[in-house]
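Under the numbering used here, the sequence shown is numbered contiguously, ending at residue 186.
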Amino acid sequence: MRGFLFLLCLSGLLLACQNSAPASEQGAETGVTTANQPPQNPNQELRIVLGDQTVQNGQQVCVEVEVHQFQQIMSMQYTLHWDPAVLRFDEVKGMNLKDLSANNFGTNAADQGRLTFSWFDQALKSISLPDGSKIYQVCFTAVGQSGSQSPLYIDGNPVVIEISNAAGEVIGFAARRARVSIP
4 MRGFLFLLCL SGLLLACQNS APASEQGAET GVTTANQPPQ NPNQELRIVL GDQTVQNGQQ
64 VCVEVEVHQF QQIMSMQYTL HWDPAVLRFD EVKGMNLKDL SANNFGTNAA DQGRLTFSWF
124 DQALKSISLP DGSKIYQVCF TAVGQSGSQS PLYIDGNPVV IEISNAAGEV IGFAARRARV
184 SIP
């Protein structure tokens, strides 16, 4: 029954991923995004690092999503943003996390610079990964003018940032934003 309720809640969350609210840049000036709400367990924090990239106009670039302090993680959700005038979304690939597939990503607003993400450990046991693990790549084609840049950042719009651990507690979250430049 617990598994059924969890899947029912997850289905509701995925429907929420269809929201067409405009993107916001929480943490835009600091270069770090944090969760929208205080964590239940402030002693644990998942960190995501997005790396800066340089790409020629018309070429593809793939940005790796790297995790740190990924200890006993049960579920996570958030939204990834970029400037669609500079980058065109191509695909998500290189998935390296148990139970992660293309079905975990909402691409319906990719043309607006938003990719929603929701994942959970289907065995309901939680997963731990070594620091620096790459869990997936997001690939884009550079479509902006020479000299343009796009931020690449995670926030809670429209999917609220929420990371939970094996105890079912919402934990802390921080993400380093990246910049993709077209020389």
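Just so you know, even glycine gets a beta-carbon here, dropped at the ideal spot from N, CA and C. What you are looking at is a predicted structure, and each value in this text was computed from that prediction instead of being measured.
Could you tell me the distance, in whole angstroms, from the CA atom of residue i to the CA atom of residue j?
{"i": "TYR81", "j": "PRO45", "result": "18 Å"}
{"i": "LYS161", "j": "ARG50", "result": "For clarity, residue 161 is Pro in the given sequence; the question names Lys instead. When rounded, the distance between both Cα atoms is 20 Å."}
{"i": "ASN111", "j": "LEU155", "result": "18 Å"}
{"i": "VAL68", "j": "PHE143", "result": "14 Å"}
{"i": "ARG180", "j": "LEU83", "result": "10 Å"}
{"i": "PRO186", "j": "ILE138", "result": "28 Å"}
{"i": "GLY116", "j": "PHE92", "result": "8 Å"}
{"i": "ASP158", "j": "ILE164", "result": "7 Å"}
{"i": "THR119", "j": "GLN63", "result": "21 Å"}
{"i": "GLN47", "j": "ALA178", "result": "14 Å"}
{"i": "GLY150", "j": "ASP86", "result": "14 Å"}
Based on the DSSP secondary-structure assignment, which residues constitute the bridge partners of residue i?
{"i": "LYS128", "result": "Looking at the DSSP assignment, LYS128 forms no beta bridge with any residue, so it has no partner."}
{"i": "GLY175", "result": "GLU48"}
{"i": "GLN152", "result": "SER184"}
{"i": "SER104", "result": "The partner list for SER104 (beta bridge, DSSP) is empty, contrary to what the question assumes."}
In terms of residue numbering, what span does the beta strand (DSSP E) encompassing residue i cover?
{"i": "LYS96", "result": "90 to 96"}
{"i": "GLU48", "result": "44 to 53"}
{"i": "THR144", "result": "136 to 145"}
{"i": "LEU118", "result": "117 to 123"}
{"i": "THR110", "result": "Premise fails: THR110 is in no beta strand (DSSP E) and is neither H nor E."}
Given residue i, which residues of its chain have a CB within under 7 Å of its CB, disregarding the five upstream and five downstream residues?
{"i": "ALA88", "result": "GLY147"}
Who are the near neighbours of residue i in its chain, counting only those whose CB is closer than 6 Å to its CB and skipping five residues on each side?
{"i": "SER136", "result": "VAL70"}
{"i": "VAL141", "result": "VAL66, VAL95"}
Check whether the region 95 to 103 touches the region 116 to 126, counting contact only when three or more Cβ pairs, one atom from each stretch, lie closer than 8 Å.
Because the criterion of three Cβ pairs below 8 Å is met, the region 95 to 103 and the region 116 to 126 touch.
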